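Visitor:
Residue numbers (my numbering): 2 to 144.
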């Protein structure tokens with residue numbers, strides 16, 4: 002999401018905004034169900050000197066394979082969080098792509114962009130005021 006509205010960008014990116022972000026992730030090896038339960042519940046990530054507990058995440062299998070794909074939705078966005086979460090349960094993230102940001106769904110090809118509609122802008126402004134728990138309705142997103 003690219004914007005020239007600095008106030009909106011700041012409000013949306015704050016951890017306290019709880020904007021749901023959804024990614025598709027390809028993982029090396031297939032995690033056991035009990036490991037996925039840990040991810041869903043939230044787990045401690047980081048170094049021995051600085052560990053933080055992640056918020057609960059929504060995770061679902063998208064493509065079953067020896068190196069499966071998962072859809073994961075977070076309400077926080079720590080740097081390299083998804084990679085660190087999977088490393089914590091013993092699995093390397095091979096590929097990651099954000100596909101949703103709050104109510105907006107990525108719908109443009111890599112390297113392309115589009116303007117948001119007035120309705121989408123209004124939703125983002127509203128979202129930046131109220132936060133967004135794990136949402137089910139989706140719209141479009143420019144990249």
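Each residue gets a CB set at the ideal place from its N, CA and C atoms; glycine is no exception.
From a predicted model like this one, the values you see are computed outputs, not experimental measurements.
Pick out whichever of 50, 82 and 46 has its Cα sitting closest to the Cα of residue 24.
Guide: Mapped onto the chain shown, residue 24 falls at position 23. Per the Cα distances, 82.
Visitor: When the Cα atoms are used, what is the spatial distance from residue 46 to residue 119?
Guide: Here the question's residue 46 lines up with position 45 in the chain shown. Here the question's residue 119 lines up with position 118 in the chain shown. In a straight line, the C-alpha of residue 46 is about 39 Å away from that of residue 119.
Visitor: Are there 16 or more other CB atoms within 10 angstroms of the CB of residue 53, so buried, or fewer, so exposed?
Guide: Stepping through the chain shown from its first residue, residue 53 is reached at position 52. It counts as exposed.
Visitor: Is it buried or exposed for residue 32, if we count other Cβ within 10 angstroms and need 16 for buried?
Guide: Stepping through the chain shown from its first residue, residue 32 is reached at position 31. Label assigned to residue 32: buried.
Visitor: Under 7 Å, do residue 75 and residue 27 count as touching if we go by C-beta distance?
Guide: In the chain shown, the residue the question calls residue 75 occupies position 74. In the chain shown, the residue the question calls residue 27 occupies position 26. No; because the gap between Cβ atoms is not below 7 Å, this pair is not in contact.
Visitor: Under DSSP, the alpha helix (DSSP H) around residue 37 begins and ends at which residues?
Guide: Along the chain shown, one-based indexing puts residue 37 at 36. Where residue 37 is concerned, the enclosing alpha helix (DSSP H) stretches over 34-42.
Visitor: Buried or exposed for residue 3, going by 16 or more other Cβ atoms inside 10 Å?
Guide: Within the chain shown, residue 3 is the residue found at index 2, counting from 1. Exposed: under 16 other Cβ atoms inside 10 Å.
Visitor: Would you list the residues sitting across from residue 46 in a DSSP beta bridge?
Guide: What you label residue 46 is simply residue 45 of the chain shown in a count that begins at 1. Looking at the DSSP assignment, residue 46 forms a beta bridge with 53.
Visitor: Looking at residue 44 and residue 77, is the spacing between their C-beta atoms short of 7 Å?
Guide: The count along the chain shown starts at 1 and reaches residue 77 at position 76. The count along the chain shown starts at 1 and reaches residue 44 at position 43. For residue 77 and residue 44, no; Cβs fall outside 7 Å.
Visitor: Could you check where the alpha helix (DSSP H) with residue 83 kicks off and where it finishes?
Guide: Your numbering for residue 83 matches position 82 in the chain shown. Note, residue 83: alpha helix (DSSP H), 82-89.
Visitor: What did DSSP end up calling residue 76 once you bin it into helix, strand or coil?
Guide: As a first step, residue 76 must be located in the chain shown, where it is residue number 75. The answer is coil: DSSP assigns residue 76 none of H, G, I, E or B.
Visitor: Measuring straight from C-alpha to C-alpha, what distance separates residue 72 and residue 109?
Guide: Locating residue 72 in the chain shown gives position 71, counting from the first residue. Locating residue 109 in the chain shown gives position 108, counting from the first residue. When rounded, the distance between both Cα atoms is 19 Å.
Visitor: Give me the Cα-Cα distance between residue 19 and residue 11, rounded to the nearest whole angstrom.
Guide: Position 18 of the chain shown, counted from the start, is the residue given in the question as residue 19. Position 10 of the chain shown, counted from the start, is the residue given in the question as residue 11. Distance between the alpha carbons of residue 19 and residue 11 is about 13 Å.
Visitor: Would you mind sorting residue 38 into buried or exposed? The rule is 16 or more other CB atoms within 10 Å of its CB.
Guide: The residue you call residue 38 lines up with position 37 of the chain shown. It counts as exposed.
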